[in-house]
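S.K.:
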Amino acid sequence: MKNFKVILLVFFVFGILVPSVPVFAAPAIVTSRAALGGDDFIDWSDLGSSFTVVADPFAISSDSGDIDATVSNPTGQFERRDQVGPGCSGWSGVFNPCDALLWTQDTVGPMVIVFDPPVAAAGAQIQSDTFGAFTARIDVYNSANSLIGSFSLGGTSSGAGDNSAIFLGASDPAGATIARIEYSCNTVSSDFAINQLDLRIGQVSSIPTLNEWGMIIFSLLIAGTALIIMRKKMAA
Numbered sequence: 010m011k012n013f014k015v016i017l018l019v020f021f022v023f024g025i026l027v028p029s030v031p032v033f034a035a036p037a038i039v040t041s042r043a044a045l046g047g048d049d050f051i052d053w054s055d056l057g058s059s060f061t062v063v064a065d066p067f068a069i070s071s072d073s074g075d076i077d078a079t080v081s082n083p084t085g086q087f088e089r090r091d092q093v094g095p096g097c098s099g100w101s102g103v104f105n106p107c108d109a110l111l112w113t114q115d116t117v118g119p120m121v122i123v124f125d126p127p128v129a130a131a132g133a134q135i136q137s138d139t140f141g142a143f144t145a146r147i148d149v150y151n152s153a154n155s156l157i158g159s160f161s162l163g164g165t166s167s168g169a170g171d172n173s174a175i176f177l178g179a180s181d182p183a184g185a186t187i188a189r190i191e192y193s194c195n196t197v198s199s200d201f202a203i204n205q206l207d208l209r210i211g212q213v214s215s216i217p218t219l220n221e222w223g224m225i226i227f228s229l230l231i232a233g234t235a236l237i238i239m240r241k242k243m244a245a
C-alpha cells in the first residue's frame, strides 16, 4: 500500500510539472506577413509624402500608439518614397503599388530601429535599389544590447511592381524581447527600402523565472527521492 502511495506521488508531481514547463526558444526568421501575425504596425507615410527627406535619427509611433520607435542610419539619412502606382511615384520596384516606403537614400545603412517597449516580432518587405539578385539581412537585439538572432534571405530586385518583394522579419517565442532590429543588404550599392513594418506586441509564451526554476528543481528532487524510497521498499 505504501509503495502504491509513493507511485501515485511520483505521477502526480510529473503530471503537473512536465506539461507546464516552458521550453527555451531563440528568435526565428519570419518570411511572410501572415506568419508574423502582427497586431500593430508602423506606417512610413506618417513621415510625409513621397520624396520627403527625413532627418536622422527620427522618432515615430506605431499605429496603436503603444510602441515608440527611434530610427537611425549611421551612414546618412532617409527619404520617403512611394511604390509607383496609380497616382503614386518615387520607387519603381517590386512592392505593392502605392506602398509607403522608407529608403536609405543612396547609403548602405544599416537601418536601425529601436523599440520602446520591446516587441515580440517585427518584419517588413525589403528591396535593394540595385536590380538583380540580392541578400537582405536582419539582426535582432534584446534590451541588454545582445545579438539574439541574425537572419538572411535572398531576393530579386526589379521594377515589376507586383508585390513580390521578399518579407524579412523575426519573431521571438519567448515574448516581447526584441528591443532593436537592423536591416541591411549585401549588394554593391546596398541602399534599400522597406514598406510597412508589422509588429507583434503580444506575448507568445513565457520563459521560467528564477523562482519558477527553483520550484521545478525542488519538485524534481522530491520526485527523485520518492523513486529512491520506492526502490528500497521494493528491494526490502
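Going by the working numbering, the sequence shown opens with residue 10, and the numbers climb by one from there.
We put the CB at the ideal spot given by N, CA and C, even for glycine.
Quick one, which of I147, P127, A130 and A129 has its alpha-carbon nearest Q136's?
M.R.: As a first step, residue 136 must be located in the sequence shown, where it is residue number 127. Of the candidates I147, P127, A130 and A129, the one whose C-alpha sits nearest the C-alpha of Q136 is I147.
S.K.: On the premise that G47 lies in contact with L208, defined as a C-beta separation below 8 Å, what is that separation, rounded to the nearest angstrom?
M.R.: The residue you call residue 208 lines up with position 199 of the sequence shown. The residue you call residue 47 lines up with position 38 of the sequence shown. Between G47 and L208 the Cβ distance is about 6 Å, and since that is below 8 Å, they are a contact.
S.K.: A179 lies in the beta strand (DSSP E); which residues open and close that run?
M.R.: Taking the first residue of the sequence shown as position 1, residue 179 is located at position 170. Residues I175 to S180.
S.K.: Starting from L45, trace the alpha helix (DSSP H) in both directions and tell me its first and last residue.
M.R.: Stepping through the sequence shown from its first residue, residue 45 is reached at position 36. Looking at the DSSP string, the run of the alpha helix (DSSP H) that includes L45 is R42 to L45.
S.K.: Who are the near neighbours of E191 in its chain, counting only those whose CB is closer than 6 Å to its CB and skipping five residues on each side?
M.R.: For the purposes of this step, residue 191 is taken as the residue at position 182 of the sequence shown. Cβ within range, chain order: P119, V121 and D148.
S.K.: Just the C-alpha distance for I78 and V93, rounded to the nearest angstrom, thanks.
M.R.: The residue labelled residue 78 in the question sits at position 69 within the sequence shown. The residue labelled residue 93 in the question sits at position 84 within the sequence shown. As written in the sequence, residue 78 is Ala, which differs from the Ile given in the question. Rounded to whole angstroms, A78 to V93 spans 27 Å at the Cα level.
S.K.: By alpha-carbon positions, which one of P106, V123 and S70 ends up nearest to R189?
M.R.: As a position in the sequence shown, residue 189 is number 180, starting the count at 1. Of the listed residues, the one whose Cα sits closest to R189 is V123.
S.K.: Roughly how many whole angstroms lie between the Cα atoms of G184 and I76?
M.R.: For the purposes of this step, residue 184 is taken as residue 175 along the sequence shown, with counting starting at 1. For the purposes of this step, residue 76 is taken as residue 67 along the sequence shown, with counting starting at 1. G184 and I76: Cα-Cα distance of roughly 15 Å.
S.K.: With DSSP run on the structure shown, which of helix, strand or coil describes S155?
M.R.: Indexing the sequence shown from 1 puts residue 155 at position 146. Here S155 sits in coil by DSSP.
S.K.: Taking the alpha carbon of F87 as the reference point, which residue from A64, G96, I69 and S101 has its own alpha carbon closest?
M.R.: For this step, residue 87 is matched to residue 78 along the sequence shown. Taking each of A64, G96, I69 and S101 in turn and checking the Cα distance to F87, the smallest one comes out for A64.
S.K.: For A133 and G96, what's the separation of their Cα atoms in angstroms?
M.R.: In the sequence shown, the residue the question calls residue 133 occupies position 124. In the sequence shown, the residue the question calls residue 96 occupies position 87. A straight-line Cα-Cα distance of about 23 Å links A133 and G96.
S.K.: For V128, which residues of its own chain have a beta-carbon under 6 Å away from its beta-carbon, when the five flanking residues on both sides are left out?
M.R.: Residue numbering aside, residue 128 sits at position 119 when the sequence shown is read from its first letter. So the list reads A185, I187, L208 and I210, once near-sequence residues are dropped.
S.K.: If we ignore side chains and look at the alpha-carbon of each, how far apart do L111 and A68 end up?
M.R.: By 1-based counting over the sequence shown, the position of residue 111 is 102. By 1-based counting over the sequence shown, the position of residue 68 is 59. So the two alpha carbons sit approximately 13 Å from each other.
S.K.: For S70, does the three-state DSSP call read helix, strand or coil?
M.R.: Counting from one through the sequence shown, the residue named residue 70 turns up at place 61. Reduced to three states, the DSSP call for S70 is strand.
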